[in-house]
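Heads up: the structure comes next, in structure tokens.
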Amino acid sequence: GAVVSQHPSRVICKSGTSVKIECRSLDFQATTMFWYRQFPKKSLMLMATSNEGSKATYEQGVEKDKFLINHASLTLSTLTVTSAHPEDSSFYICSARDPGGFGQYFGAGTRLSVL
Amino acid sequence: QKEVEQDPGPLSVPEGAIVSLNCTYSNSAFQYFMWYRQYSRKGPELLMYTYSSGNKEDGRFTAQVDKSSKYISLFIRDSQPSDSATYLCAMGRSNDYKLSFGAGTTVTVRA
């Protein structure tokens, strides 16, 4: 099956620092990747759609300057949380679209804690 | 009204029972439907994927879609404690690749 690797799985940082999260499709090429945020006991909230070689499309209410997305290759997308603050603490999950259909395969998620 | 409605539960069943999960939706543009399983602090895992009304079976899992009623279901037969997780329904349109998720139903299978 399709495998999506997300790294790191856990990060703790001080307020004001930037954190980069990587999302890789290991056995397929992903022209489209997605970034989600999930609050405890809540469903997934789509933050942005990342297309290889073009600018990301952000959902309404998501600050593009706060959450920088880069999709430089067909197997790698990165999310950088800039100048992180405690309210950015959350579970961030990436997914990659199945190139043959509409399904999405998810990474294991990154738990970000900003002190 | 949310686009996708899913009862968050929690749902607790004895081992071996049938687990029945469902979602309703309001957007008739949804054309493909999925069920994901998510263990605590992990990413969702794709269980079932279908794009037509009717039943689809895969091992102990059966997905049902009724587009006329805007209703989808997932049945888990012979449930096991390892099935204890949160189950999320998801659906999307064919004109983009975004998914709309239900709130997720937390299921516990008691040994």
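Protein chains in written order, with the working numbering: chain F, 1 to 115; chain E, 1001 to 1111.
For glycine and all other residues, C-beta sits at the position ideal for the given N, C-alpha and C.
List, in chain order, every chain E residue whose beta-carbon is nearer than 8 Å to that of residue i.
i	result
F/L46	K1098 and L1099
F/R24	By Cβ distance, chain E contributes nothing, its closest Cβ being about 13 Å from F/R24, past 8 Å.
With a threshold of 16 other CB atoms inside 10 Å of the CB of residue i, please say whether the residue is buried or exposed.
i	result
E/P1044	buried
F/F106	buried
F/Y92	buried
F/S83	exposed
F/D88	buried
F/L44	buried
E/W1038	As written in the sequence, residue 1038 of chain E is Gln, which differs from the Trp given in the question. With 16 or more other Cβ atoms within 10 Å, it is buried.
E/G1102	buried
F/V19	buried
F/V3	exposed
Measure the alpha-carbon distance for residue i versus residue j and round it to whole angstroms.
i	j	result
F/T110	E/M1091	24 Å
E/D1078	E/A1063	15 Å
E/R1041	F/A108	8 Å
E/K1067	E/M1034	14 Å
E/G1104	E/D1007	7 Å
F/K66	F/Q6	20 Å
F/Y58	E/S1100	15 Å
At a CB-CB cut-off below 7 Å, which residues of chain E make contact with residue i?
i	result
F/F102	Y1032, G1092 and Y1097
F/S43	L1088, F1101, G1102, A1103 and G1104
Using a C-beta to C-beta distance shorter than 9 Å, which residues of chain A count as neighbours of residue i?
i	result
F/A108	Going by chain labels, chain A is absent from the structure shown, which instead holds the protein chains F and E.
Heavy atom of the ligand SAH less than 8 Å from the Cβ of residue i, yes or no?
i	result
F/V114	With respect to the ligand SAH, the structure shown offers nothing to examine, as it has no ligands at all.
Could you list which residues in chain E have their beta carbon closer than 9 Å to that of residue i, in chain order?
i	result
F/T78	Residues of chain E passing the Cβ test: none, with the nearest at roughly 17 Å.
F/T17	None at all; the shortest Cβ gap to chain E is about 23 Å.
Would you mind giving the Cβ-Cβ distance between residue i and residue j, rounded to the nearest angstrom? I have them listed as a contact below 8 Å.
i	j	result
E/C1023	E/E1005	6 Å
E/L1074	F/G103	At roughly 15 Å, the Cβ-Cβ gap does not stay under 8 Å, so E/L1074 and F/G103 are not in contact.
So which residues of chain F does residue i contact, with C-beta pairs closer than 9 Å?
i	result
E/Y1049	D98, G101, F102 and G103
Strictly below 8 Å CB to CB, what residues from chain F border residue i?
i	result
E/G1009	Within chain F, no residue comes near E/G1009; the closest Cβ sits about 11 Å away, beyond 8 Å.
Item to complete: Could you run through the stretch 1033-1046 of chain E and flag, in chain order, every residue whose CB is less than 8 Å away from some CB of chain F?
Response: M1034, Y1036, R1041, K1042, G1043, P1044, E1045 and L1046
Discussion item. Output needed in chain order: residues of the stretch 1068-1100 of chain E with a Cβ under 7 Å from some Cβ in chain F.
Written reply: L1088, G1092, Y1097, K1098 and L1099
Discussion item. What are the residues in the stretch 30-41 of chain F lying within 7 Å of chain E by C-beta distance?
Written reply: Against chain E - using a Cβ distance shorter than 7 Å - the residues of the stretch 30-41 of chain F are T32.
Worksheet entry | chain E contacts from the stretch 61-93 of chain F (Cβ-Cβ distance under 7 Å) | I93
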